[in-house]
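In our numbering, the protein residues as written are 409 to 510.
Idealized CB from N, CA, C, for every residue including glycine.
Nothing here was measured: the structure is a model prediction, and the numbers come from that model.
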């Protein structure tokens with residue numbers, strides 16, 4: 409796994425809307441440092457970094473980065489109580505025909 413991905417993953421999930429601007433800017437810079445496409449291993453690690461909300465759009469950037477890797481990154485439907493971004497990613501996987509719909 410590339411060092412840029414390791415650094416992003418090491419910082420954990422994205423913060424929520426209440427985070428300070430510096431923290432959000434730092435996470436954006438970390439994401440922008442990751443060259444596309446990501447590997448399957450990197451996509452699996454990055455999918456663990458979704459936070460509780462869209463973090464002022466940063467979660468969308470993360471989602472699009474995850475989608476540059478080998479798909480599908482999720483192979484089973486997330487549990488009902490899973491992160492909303494995992495559900496969103498799953499719907500996109502199903503809609504693209506990479507997984508059967510329920």
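Taking the continuous alpha helix (DSSP H) assigned at residue i, which residues delimit it?
i, result
"residue 443", "Looking at the DSSP string, residue 443 is not in any alpha helix (DSSP H), and its letter there is neither H nor E."
"residue 450", "448–454"
"residue 473", "466–474"
"residue 492", "492–503"
"residue 412", "411–418"
Tell me whether the beta-carbon of residue i lies closer than 9 Å to the beta-carbon of residue j.
i, j, result
"residue 499", "residue 453", "no"
"residue 439", "residue 479", "no"
"residue 424", "residue 460", "yes"
"residue 501", "residue 482", "yes"
"residue 491", "residue 458", "yes"
"residue 456", "residue 421", "yes"
Taking residue i as the reference, give the member of the options with the closest Cα.
i, options, result
"residue 415", "464, 436 and 428", "436"
"residue 496", "471, 457 and 428", "471"
"residue 465", "477, 509, 412 and 433", "433"
"residue 441", "504, 411, 491 and 475", "411"
"residue 444", "508, 477, 493 and 421", "477"
- Query: On the three-pair Cβ rule with 8 Å, is the stretch 444–453 touching the stretch 485–500?
  - Reply: Using a Cβ-Cβ distance cut-off of 8 Å, the stretch 444–453 and the stretch 485–500 are not in contact, since fewer than three pairs of beta carbons, one from each stretch, lie closer than that value.
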